[in-house]
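**Student:**
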Amino acid sequence: MLMPALALGAGFAGYIARLTRTTVLDVLSQDYIRTARAKGLKESTILLKHALLNSVTPIVSVMGPLTAGLVTGSFVIEFIFSIPGMGNYFITAVTNRDYPLIMGVTLVYAVLIVLANIAVDLLYVKLDPRVKLSGERA
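Counted the way UniProt numbering counts, the sequence shown spans residues 1 to 138.
1. With DSSP collapsed to three states, give me the class of L41.
2. How close, in whole Å, do the beta carbons of T23 and I46 come, if the pair is a contact with beta carbons under 8 Å?
3. Roughly how many whole angstroms lie between the Cα atoms of S52 and R37?
4. Please report the straight-line C-alpha distance between I118 and R97, rounded to a whole angstrom.
5. Just checking, does the stretch 88-107 make contact with the stretch 16-34 on the three C-beta pairs under 8 Å criterion?
6. On a CA-only basis, which of V56, G40 and V105 is nearest S74? Give me that one, please.
7. Over the uninterrupted alpha helix (DSSP H) stretch that includes L107, give me the two end residues.
8. Considering only residues of the same chain and omitting the five flanking positions on each side of V131, which have a CB-CB separation below 8 Å?
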């Protein structure tokens with residue numbers, strides 16, 4: 001299971017690492033980081049509590065589309081590594097023109113992607129106090 005996991009996750013892990021680095025470097029140039037250093041806070045406290053916490057929102061925002069990439073990438077990984085799963089059944093259904101199975105698997109994956117995007121939106125509201133749900137008052 002190590003090879004399929006690495007094949008599926010390595011590209012996404014690199015993208016998240018690059019995005020994390022970029023956003024942390026952007027946050028480290030902000031005024032409140034300079035103020036925290038001027039107060040004499042430890043560098044580890046500045047990085048963890050101020051920089052990383054404030055740079056996590058763009059990373060969480062990207063998780064929804066990355067989930068779609070993982071789901072669609074699992075089709076190929078399951079087929080290449082001969083792993084029995086929904087992606088393998090989907091590919092078999094396409095080659096056999098089994099339209100009800102194609103529609104069913106597509107619907108299941110669409111629901112998974114929608115649920116992942118809803119979870120990302122709710123997590124974004126939790127992480128950033130400036131963002132409110134449409135029913136909440138300011």
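All C-beta atoms, glycine included, are put in the ideal place defined by N, C-alpha and C. For clarity, every value in this text was computed on a predicted model and none was experimentally measured.
**Tutor:** Taking the geometry as given:
1. coil
2. Separation of the CB atoms of T23 and I46 is rounded to 15 Å, and the pair is thereby denied contact status at 8 Å.
3. According to the sequence as given, residue 52 is Leu; it is not Ser. The alpha-carbon atoms of L52 and R37 are separated by roughly 15 Å.
4. 32 Å
5. no
6. Measuring from the Cα of S74, the nearest candidate turns out to be V105.
7. Y99 to L127
8. Y124 and V125
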